[in-house]
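Reviewing the structure listed below.
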Amino acid sequence: MRRPLIAGNWKMNLSRSEAAALAEAIAKQVDQYPAVDIAVCPPFVYLEVVSRAIAGSRVALGAQNLYPEPSGAFTGEISPLMLCDLGCRYVILGHSERRQWLGETDGFINKKVHAALKAGLQPIVCLGEQLAEREAGLTLEVIRRQFEGSLASLTAEQMLQTVIAYEPVWAIGTGRVATPHQAEEVHLELRKLIAQRYNPEIAQQVVIQYGGSVKPDNAQELFAQPDIDGALVGGASLKADQFLGIVAGMKK
Ligand code: PGA
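Counting in this note's numbering, the sequence shown runs from 58 upward without gaps.
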């Protein structure tokens with residue numbers, strides 16, 4: 058059975074002490090939600106302080122990016138091994154902000170996914186269409202292209218270690234959440250793509266999150282969809298009560 062995962066993507070926010078306080082506040086309350094896996098993904102520079110704040114709790118640590126080499130002359134970059142060294146379990150890859158502002162392609166994201174898996178990290182691989190693509194009726198085509206490109210050449214075992222986050226770009230940070238029906242349609246398509254490439258059993262086991270303006274008041278109806286396994290949360294993950302309010306929406 059799939060266990061839902063709710064992960065906070067803190068993006069480029071918070072001070073060091075705010076990061077520690079937020080992580081502590083979340084860690085204190087997660088025992089109320091034993092059926093949900095929970096992760097926080099702070100900026101690199103706060104991974105260590107957050108790791109201390111969540112020590113001994115069920116909250117897992119995630120990073121927001123990596124460079125797909127174990128070490129070497131890559132000024133300013135962070136390797137998968139460094140993330141493991143700091144206790145990370147997850148790493149967000151292919152976020153639309155990185156695709157858009159840092160020019161990341163499916164090919165480069167795929168390299169990162171393989172590097173993460175090789176190091177024992179679980180990648181949370183983001184994909185999603187832009188507004189113009191949805192309006193042109195291209196959503197499922199874009200999803201298929203990103204799935205094939207970003208998740209190319211994974212073994213079945215690697216696919217099972219990978220989390221997919223469906224994040225329509227027009228819903229990220231806009232307050233304009235996808236309807237449960239819009240989200241479910243894409244999640245179902247992703248399961249079909251996994252079933253075609255591997256088999257239906259594997260498709261049933263892969264965790265597929267929704268992301269884009271998830272808040273406590275819309276989480277429950279999204280999570281009620283059969284193929285939505287939790288959320289990747291941006292803005293609302295920066296406040297413990299909001300983040301935990303979303304976690305509380307996961308009843309299945
Ligand atoms: P949002 O961000 O919840 O602020 O829309 C989601 C994300 O970018 O992962």
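Note that the Cβ used here is the ideal one computed from N, Cα and C, for glycine as well.
Just so it is clear, the structure is predicted and the values come from calculations on it, not from any experiment.
Item: By alpha-carbon positions, which one of Q261, L184, L197 ends up nearest to A213?; Value: Q261
Item: Please report the residue range of the beta strand (DSSP E) in which C145 lies.; Value: Element bounds for C145: n/a, residue is neither H nor E.
Item: Could you work out which residue in S207, L208, W227 is closest to E190 when comparing CA atoms only?; Value: W227
Item: Do N275 and the ligand PGA come close, with the Cβ less than 7 Å from some heavy atom?; Value: no
Item: Curious, which full-length alpha helix (DSSP H) runs of at least 4 residues does the stretch 85-144 contain?; Value: 104-110, 137-142
Item: Return yes when the C-beta of S207 is under 7 Å from any heavy atom of the ligand PGA, and no when it is not.; Value: no
Item: So, does the stretch 105-115 touch the stretch 77-94, judging by three or more C-beta pairs under 8 Å?; Value: yes
Item: Please report the distance separating the alpha-carbon of E126 from that of D142.; Value: 15 Å
Item: Quick one: what's L184 bridged to in DSSP?; Value: Y223
Item: For a minimum of 4 consecutive residues, which ranges assigned as the alpha helix (DSSP H) are wholly contained in the stretch 158-216?; Value: 163-176, 188-192, 196-207
Item: How close, in whole Å, do the beta carbons of Q179 and R146 come, if the pair is a contact with beta carbons under 8 Å?; Value: 6 Å
Item: When you compare only the Cα positions, how much space is there between P137 and P61?; Value: 24 Å
Item: In the structure shown, what three-state DSSP assignment does N66 receive?; Value: strand
Item: If we call anything under 8 Å between Cβ atoms a contact, is I285 one with H244?; Value: yes
Item: Does V290 come out as helix, strand or coil in the three-state DSSP assignment?; Value: strand
Item: Assuming F300 and G65 form a contact by the criterion Cβ under 8 Å, report the distance between their Cβ atoms to the nearest whole angstrom.; Value: 6 Å
Item: Taking the CB atoms as reference points, tell me whether L332 and W67 lie closer together than 8 Å.; Value: The structure shown does not extend to residue 332, since the chain is modelled only from 58 to 309, so the question has no answer here.
Item: Can you tell me whether Q266 is helix, strand or coil according to DSSP?; Value: strand
Item: Tell me whether E186 counts as near the ligand PGA, meaning its Cβ is closer than 7 Å to at least one heavy atom of that ligand.; Value: no
Item: Where does N256 sit, in a helix, a strand or coil, going by DSSP?; Value: coil
Item: Hey, E224 and G268 are a contact pair by Cβ (cut 8 Å); roughly how many whole angstroms apart?; Value: 4 Å
Item: Counting C-beta neighbours from all protein chains within 10 Å, is the total for V102 16 or more, i.e. buried, or is it exposed?; Value: exposed
Item: By the 10 Å Cβ neighbour count, where 16 or more other Cβ atoms means buried, how is N256 classified, buried or exposed?; Value: exposed
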